[in-house]
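Asks: Heads up: the protein sequence lines correspond to chains G and H, in order.
For what it's worth, numbering that gives the first Met the number 0 labels the leading residue of the first sequence as 0, then goes sequentially.
For what it's worth, numbering that gives the first Met the number 0 labels the leading residue of the second sequence as 0, then goes sequentially.
Number of protein chains: 2
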Amino acid sequence: MSTAHHDRPAVDVDAASSLDTVFAPVHSQTAFEETVDRLGTAIKLGLLAPGTRLPAERELCTKLEIARSTLRQALVALAQSGHLRATRGRGGGTFVADPQPPAAPPSAEVLAGWRDVCDQRMMIEVGIAVLTAERASGTAIEGLERIVLAIDGLLEDFPAYRRADIRFHVGLAEATGSSRLVTAMTETQGAMSELISHIAHPPEVLDSANDQHRRLLSAVRRRDEAAAAREMTEHLRGTEHVLAGLLPHWSSASQP
Amino acid sequence: MSTAHHDRPAVDVDAASSLDTVFAPVHSQTAFEETVDRLGTAIKLGLLAPGTRLPAERELCTKLEIARSTLRQALVALAQSGHLRATRGRGGGTFVADPQPPAAPPSAEVLAGWRDVCDQRMMIEVGIAVLTAERASGTAIEGLERIVLAIDGLLEDFPAYRRADIRFHVGLAEATGSSRLVTAMTETQGAMSELISHIAHPPEVLDSANDQHRRLLSAVRRRDEAAAAREMTEHLRGTEHVLAGLLPHWSSASQP
DNA sequence: GCGTAAGGAAGGATCGGCAGACCTTTTGGA
DNA sequence: TCCAAAAGGTCTGCCGATCCTTCCTTACGC
């Protein structure tokens, strides 16, 4: 619980004046970009499993409240990158590709900002752990327990492990009943996946991570919010340390 | 720490399937909207104090990476709503209006979504409290202590209290050293202000809230992350209960 | 083979945003 | 005193994103 094992320098309050964030660049996402992002993330996280059929275009563009031409731009982009396959005619549709294309290695920008991503993840996941401990229903907890049990059988297969891991973490967010938190969690998991998917994860590490899932869930069952926060902190600190070890060159190069 | 005092029903894991959030409407903010939002929030939160001079238009649009015409749209909008005043000529500029216009009462939509806002705030603030306890520097903690001391003298003047309260919470985010967290905090505080600013706050309530600030800060000083999470949870639960008491009509009307 | 349900493609209208030049009002200093 | 500099205010033309609408093409089932 001390900072001794933490290799980041202490932060001065003046280093990041809030005015810098007020006057930071405005980056407005277009509807096309956000659609590609949302669908792409959902596919890469396995929320939309391979083989799943998407709603028909005319239906989906109504749900998303965008024009069909805009939606099609996004679908075409995801089809070209190999994440979707479209078949025409009655009974056709747009399907999540099976198998999925291999994930691209993380870009330099993503690597440069990995600490920021980890910070954001820490904030979101710890907050959600506390809220889950406060109000998760019994059935929600049972569902999470089933996921933890399933993960025990996936320690040798990292892609499958990771998909179940995502289900667990998103499940925590769902158990709070707030759709905003689910969105925040999926976005964060998407950002983490870009960092995580390309590094080696020995089964022992995954096993101990799932032990942490178990302890977290036990804290949730006891409604012990402080313990939930502590377990989640420990859990995330694990991957943070792995990343810090594997990406040493980037740890201090991003400060101007 | 139990759920007995919590008036919200337990949440089922199927109630908010993650697919609903994937296919939720896409609302792309325009550069104009985001600029109005950012500057307006900063002004309303007091991050830009009345009388402050903004950077010149030609300079500001460079920082924000938008065209001057777009920036001007935003500035004109904020001037028309009375938040900014512009004077021409050499030595002129755009200034934060002094005094500020009275805050508008919260809209029906904002009131309908107040639980969601509180959930988001809980997630963000608890996560930030933990991160702050992990890594705040000594000078950052001293700055926060000064704010807490200053608040003791403002218990009779709610607007001043609230501004200092915001400085405290944003200061926690700044102490983590992550600009993303500062942004998340300011957005959340902006949303909360819409709810909070129009309800009565007796000095005793503010006093006990500042006691919670003090205990939180003590936990941060001890690097006790679990205690920081607990204190923050308690602190936020306070305002949540006040809102639950004052807005009873809206507590169950938003579920479809 | 015909209707229907799906993806695919093309037109024109609208709007937001950008770039740049230009105008008007002040005021500090040569 | 006067003028150049520094600020906000205005105008025009252009581009790209998005929208709506209509039509085409493919495939399945009756």
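Beta carbons: idealized from backbone N, C-alpha and C, even for Gly.
Fair warning: this is a prediction, and the values are worked out from it, not measured in the lab.
With 9 Å set as the bound, which would you pick, yes or no: does the beta-carbon of residue 86/H sit closer than that to a beta-carbon of chain G?
Replies: no
Asks: Quick one: Cα of residue 16/G to Cα of residue 70/H, how far?
Replies: 22 Å
Asks: Mind checking if residue 94/H is an interface residue toward chain G, Cβ cutoff 9 Å exclusive?
Replies: no
Asks: In this structure, how does DSSP classify residue 222/H when only helix, strand and coil are distinguished?
Replies: coil
Asks: With distances taken Cα to Cα, identify the nearest neighbour of residue 154/G among 114/G, 115/G, 178/G and 202/G.
Replies: 202/G
Asks: Just the chain H side, please: which residues come within less than 8 Å of residue 30/G by C-beta, in chain order?
Replies: 25 and 27
Asks: If you drop the 5 nearest sequence neighbours on each side, which residues of the same chain put their C-beta closer than 8 Å to that of residue 19/G?
Replies: none
Asks: Chain H partners of residue 127/G, CB-CB under 7 Å?
Replies: 122
Asks: Can you give the Cα-Cα distance for residue 152/G and residue 114/G, rounded to whole angstroms?
Replies: When rounded, the distance between both Cα atoms is 31 Å.
Asks: What separation, rounded to the nearest whole angstrom, lies between the Cα atoms of residue 221/H and residue 140/H?
Replies: 11 Å
Asks: So which of 123/H, 194/H, 235/H and 76/H has the shortest CA-CA distance to residue 93/H?
Replies: 76/H
Asks: Residue 146/G versus chain H: which residues are under 7 Å apart at the beta carbon?
Replies: Within 7 Å Cβ-Cβ: nothing; residue 146/G doesn't reach chain H, min ~10 Å.
Asks: Whole alpha helix (DSSP H) runs in the segment 55 to 79 of chain H with 4 or more residues, listed along the chain?
Replies: 56 to 63 and 67 to 79
Asks: Which whole runs of the alpha helix (DSSP H) in the segment 152 to 194 of chain H are 4 residues long or more, in chain order?
Replies: 157 to 174
Asks: CB residue 105/G to CB residue 205/G, shorter than 9 Å?
Replies: In this structure, residue 105/G keeps its C-beta atom at 9 Å or more from the C-beta atom of residue 205/G.
Asks: Determine, using beta carbons only, whether residue 103/G comes closer than 9 Å to chain H.
Replies: no
Asks: What does the Cβ neighbour count give for residue 66/H, buried or exposed, with the cut at 16 atoms within 10 Å?
Replies: Residue 66/H is exposed by the Cβ-count criterion.
Asks: Considering only their Cβ atoms, is the gap separating residue 44/H from residue 142/H smaller than 9 Å?
Replies: Cβ atoms of residue 142/H and residue 44/H: not closer than 9 Å.
Asks: Taking only beta carbons into account, state which residues of the segment 186 to 202 of chain G come closer than 8 Å to chain H, listed in chain order.
Replies: none
Asks: Which residue's Cα is closest to the Cα of residue 37/H: 21/G, 30/G, 157/G and 40/G?
Replies: 21/G
Asks: Consider the Cβ of residue 173/G: report whether some Cβ of chain H lies at a distance smaller than 9 Å.
Replies: Yes, contact with chain H.
Asks: By the three-class DSSP mapping on this structure, what secondary structure does residue 144/G have?
Replies: helix
Asks: Considering only their Cβ atoms, is the gap separating residue 123/G from residue 212/G smaller than 9 Å?
Replies: no
Asks: For a contact defined as C-beta to C-beta under 7 Å, what are the partners of residue 211/G on chain H?
Replies: Those within 7 Å of residue 211/G in chain H number zero; the least Cβ separation is about 15 Å.
Asks: Let me know the secondary structure DSSP gives residue 128/H once reduced to three states.
Replies: helix
Asks: State the DSSP-derived secondary structure class of residue 254/H, mapped to helix, strand or coil.
Replies: Summary for residue 254/H: the model assigns pLDDT 41, below 50, so the residue's position carries little reliability; its value from the coordinates is reported in the next sentence. Reduced to three states, the DSSP call for residue 254/H is coil.
Asks: Quick one: grab the DSSP three-state call for residue 232/H.
Replies: Correct three-state label for residue 232/H: helix.
Asks: Can you tell me whether residue 108/G is helix, strand or coil according to DSSP?
Replies: helix
Asks: Please list, in chain order, the chain H residues whose beta carbon lies closer than 9 Å to that of residue 43/G.
Replies: Scanning chain H for C-beta atoms nearer than 9 Å to the C-beta of residue 43/G yields nothing, as the closest lies near 12 Å away.
Asks: Taking 9 Å as the CB-CB cut-off, is residue 11/H touching chain G?
Replies: Note that residue 11/H has pLDDT 45, beneath the 50 cutoff, so the model's placement of it is unreliable and no number is given.
Asks: Leaving aside the five residues before and after residue 216/H along the sequence, list all residues of the same chain whose C-beta is less than 8 Å from its C-beta, in chain order.
Replies: Taken in chain order, the residues that qualify are 140, 143, 144 and 147.
Asks: Which residues bound the beta strand (DSSP E) around residue 95/H?
Replies: 92 to 95
Asks: Locate the beta strand (DSSP E) running through residue 83/G, then write down its first and last residues.
Replies: 83 to 86
Asks: Per the contact definition of three or more C-beta pairs closer than 8 Å, is the segment 172 to 185 of chain H in contact with the segment 227 to 245 of chain H?
Replies: At 8 Å Cβ cutoff, the stretches do not touch.
Asks: Run through DSSP, which three-state label would residue 48/G get?
Replies: In the structure shown, residue 48/G adopts coil according to DSSP, grouped into three states.
Asks: Within its chain, find whatever has a CB closer than 7 Å to the CB of residue 35/H; leave out the 5 residues flanking it on each side and keep chain order.
Replies: 73, 76 and 77
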